[in-house]
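First the structure, in the form of structure tokens, and then the observations on it.
Residue numbers (this note's numbering): 10 to 168.
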């Protein structure tokens, strides 16, 4: 994968000047490459990694496993398109293994998520079953540690 993309994945707030110094390119080359990535849909957007526990005590996040019956002419795509149109759905991915689709959803309380599953998700044609898992605590996301303690940088060594 491109070095510029890797750097942006680690920290999208780096300036073009900083990225140029890290990649050996000029600022204008970096700026042009980023614009190209955005135009071609390689970079889809930028977001912050937020510690919801510190920022918002009234937030609940759930991971929902969904088993579906794919349609003969389009596979999983039509069901996925229906699900992803709901505003509550933060992410939706096709999975291998014991379930087909994975949904991440957030709400203000457990009941709100339960109602989404019962009234919206389970009523979609082709949805066979769901399993909802509530996120109780985040330890690490996209390489960022959530605990206040400094990370042990020695690395994990298995016996």
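Note that the Cβ used here is the ideal one computed from N, Cα and C, for glycine as well.
Identity of the residue in the options nearest residue i by Cα
i	options	result
residue 131	30, 84, 78	78
residue 20	80, 55, 98, 49	55
residue 41	25, 129, 33, 81	25
Secondary structure of residue i, DSSP reduced to three states
i	result
residue 137	strand
residue 53	coil
residue 11	coil
residue 169	No information on residue 169 is available, as it lies outside the stretch 10 to 168 that the chain covers here.
residue 18	helix
Pair within 8 Å by beta-carbon distance, residue i and residue j
i	j	result
residue 113	residue 100	yes
residue 67	residue 117	yes
residue 109	residue 103	yes
**Prompt:** Are there three or more Cβ pairs, one per stretch, closer than 8 Å when the region 68 to 76 is compared with the region 112 to 131?
**Reply:** yes
**Prompt:** Can you find at least 3 beta carbon pairs, one from the region 128 to 147 and one from the region 86 to 97, that sit closer than 8 Å?
**Reply:** yes
**Asked** Taking the runs of the beta strand (DSSP E) that are 3 residues or longer, which of them lie wholly in the region 68 to 131?
**Response** Taking only runs of at least 3 residues, the beta strand (DSSP E) segments lying wholly in the region 68 to 131 are 69 to 77, 98 to 103, 110 to 116.
**Item:** Segments of 4+ residues assigned as alpha helix (DSSP H) that fall wholly inside the region 25 to 49
**Value:** 25 to 32, 36 to 48
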